[in-house]
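Residue numbers (the working numbering): 2 to 252.
Glycine residues also receive a C-beta, built at the ideal position from the N, C-alpha and C atoms.
Structure first, then comments.
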Ligand code: PEP
């Protein structure tokens, strides 16, 4: 069985002082949580401080992006070995904001995934359609093309530990959530595609998170769906009062 996985994407929020307050609050609020994996993904500048705070706790550390070369003259980039050194277990790749504002493509996402695999960091691969694409009936085509191109020809033993985050772009930061049925429909398509690419065993292991305006009052219904294994949470991950109840959805 897949262990539920809830991750917080802090985006470009949180000074180190704010990060410290948030993590200390989460450590208390989540102290006795079992059977759920939790990660927080702070901006690069807060990784070190958060890494120290969550060491030996149930909260794992994730980054929001990485570059694909190990080192070199790539001003402003951060490499996977540097993320590993600082204690990252996970790294988000291909977030729609990176695709939209920073020219991320399926090809560059795949390169980042390879770099993460090489250094033992688990990718959280984001895919999802825009509102226009959904309205034109292109959801399946868009999402599965992203999935295929980002995950093609990779080692199956790594793919099985990769998380896919289905994040309809129209639901991110908008307050509009996909209905549990809409999300489940796409999650099932994603899992079926992983079966075609890597076989049933790999597909059964891959966790598929839903992302897009997840809140304490909609998480339970989403998590009740067969192929929804967790959530990638943006806005609601910035406060203990909203992130902790999402993690504790089962109670
Ligand atoms: C995200 O940025 O991955 C996200 C899902 O954001 P929000 O929860 O704010 O919609």
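Tell me which residue opens and which closes the beta strand (DSSP E) that residue i is part of.
i, result
"residue 6", "6-10"
"residue 227", "Element bounds for residue 227: n/a, residue is neither H nor E."
"residue 164", "164-167"
"residue 126", "123-128"
"residue 249", "That residue, residue 249, is in no beta strand (DSSP E); it is neither H nor E in DSSP."
"residue 211", "208-212"
So the alpha helix (DSSP H) residue i belongs to, where does it begin and stop?
i, result
"residue 114", "107-119"
"residue 146", "140-152"
"residue 181", "181-199"
"residue 82", "81-87"
"residue 239", "Counting along the chain, residue 239 falls outside any alpha helix (DSSP H), and DSSP gives it neither H nor E."
"residue 26", "17-30"
"residue 217", "Looking at the DSSP string, residue 217 is not in any alpha helix (DSSP H), and its letter there is neither H nor E."
"residue 14", "No alpha helix (DSSP H) holds residue 14; DSSP gives it neither H nor E."
"residue 100", "97-103"
"residue 132", "132-136"
Please report the Cβ distance between residue i and residue j, rounded to the nearest whole angstrom; I am assuming they are in contact, meaning their Cβ atoms lie under 8 Å.
i, j, result
"residue 49", "residue 87", "6 Å"
"residue 81", "residue 123", "Incorrect: roughly 11 Å between the Cβ atoms, too far for contact."
"residue 44", "residue 11", "6 Å"
"residue 187", "residue 144", "6 Å"
"residue 121", "residue 85", "7 Å"
"residue 223", "residue 171", "About 16 Å; that fails the 8 Å criterion."
Going by Cα to Cα distance, which pick from the options is closest to residue i?
i, options, result
"residue 239", "15, 183, 5", "15"
"residue 39", "5, 70, 22", "5"
"residue 147", "168, 35, 156", "168"
"residue 161", "25, 205, 100, 22", "205"
"residue 251", "35, 192, 11", "35"
"residue 47", "37, 33, 62", "62"
"residue 159", "119, 42, 182", "119"
"residue 3", "246, 247, 209", "209"
"residue 91", "9, 177, 180, 248", "9"
"residue 24", "13, 42, 175", "42"
"residue 138", "157, 176, 183", "183"
Determine, using beta carbons only, whether residue i comes closer than 7 Å to chain C.
i, result
"residue 189", "Going by chain labels, chain C is absent from the structure shown, which holds only one protein chain."
Is the region 94-110 in contact with the region 125-139, if contact means three or more CB pairs nearer than 8 Å?
yes
I want to know whether the region 53-62 touches the region 104-111 - three or more CB-CB distances under 8 Å.
no
Residue ranges of each beta strand (DSSP E) run of no fewer than 3 residues wholly in the region 32-90, ordered along the chain?
38-42, 60-64
So, do the region 198-205 and the region 221-233 have three or more beta carbon pairs nearer to each other than 8 Å?
no
Tell me, please, whether the region 109-124 touches the region 141-157 by the rule of three or more beta-carbon pairs shorter than 8 Å.
yes
Can you find at least 3 beta carbon pairs, one from the region 210-224 and one from the region 234-248, that sit closer than 8 Å?
yes
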